[in-house]
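Trainee: This is the structure, below, for whatever I ask next.
Numbering (the working numbering), first residue to last: 20 to 144.
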């Protein structure tokens, strides 16, 4: 019984994310992490409930409008976006990623590599 419910829920979540605006938001989020949109879509489906998915566009717009544009690397990797507005990773894990970057702390690519490893268990290029 649980398996059927989970399968139906996955399909319903996917149906939400097929709207044109949701596709734009998913593409923008995927671009921040430099991953394919399908991986981003899967991450959202697995980590967010349906209400959060339905408000995805509004949450992304809020992040675009309310967060300081001059936050440097934190803005470039979507720190507040992925911890507060669309919470798919904990603030602790993202802080850990930022601390692990010792070579060049101002280079968002170093943080993205560690972030992808935390989110997907692999390093994506």
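Glycine is no exception: its CB is placed at the ideal position from the N, C-alpha and C atoms.
Note that the structure is predicted; figures quoted are calculated from it, not measured.
Spatial neighbours of residue 41 within its chain, please: CB distance less than 7 Å, with the 5 preceding and 5 following residues excluded, ordered by chain position.
Mentor: The answer, listed in chain order, is 35, 75 and 76.
Trainee: Which stretch, first to last residue, makes up the alpha helix (DSSP H) that contains residue 119?
Mentor: 110 to 119 is the extent of the alpha helix (DSSP H) around residue 119.
Trainee: What is the residue span of the alpha helix (DSSP H) that residue 105 lies within?
Mentor: From DSSP, residue 105 is part of no alpha helix (DSSP H); its letter is neither H nor E.
Trainee: Which of helix, strand or coil does DSSP assign to residue 144?
Mentor: At residue 144, the pLDDT of 44 sits below 50, so the modelled position is not reliable and the matter cannot be decided from this model.
Trainee: Which residue from 81, 48 and 113 puts its Cα closest to that of residue 93?
Mentor: Comparing Cα positions, the closest option is 113.
Trainee: As a quick exercise: from 50, 109 and 104, pick the residue whose alpha carbon is nearest that of residue 95.
Mentor: It is 50.
Trainee: When you compare only the Cα positions, how much space is there between residue 28 and residue 100?
Mentor: Near 24 Å, if we compare the C-alpha coordinates of residue 100 and residue 28.
Trainee: Can you tell me whether residue 91 is buried or exposed? The criterion is at least 16 other CB atoms within 10 Å of its CB, across all chains shown.
Mentor: It counts as exposed.
Trainee: What do you get for residue 60, buried or exposed, if any count of 16 or more other CB atoms within 10 angstroms of its CB means buried?
Mentor: With 16 or more other Cβ atoms within 10 Å, it is buried.
Trainee: Can you name the start and end residues of the alpha helix (DSSP H) that residue 76 belongs to?
Mentor: Note, residue 76: alpha helix (DSSP H), 75 to 85.
Trainee: Rounded to whole angstroms, what's the CA-CA distance from residue 110 to residue 103? Just pull it up for me.
Mentor: The alpha-carbon atoms of residue 110 and residue 103 are separated by roughly 8 Å.
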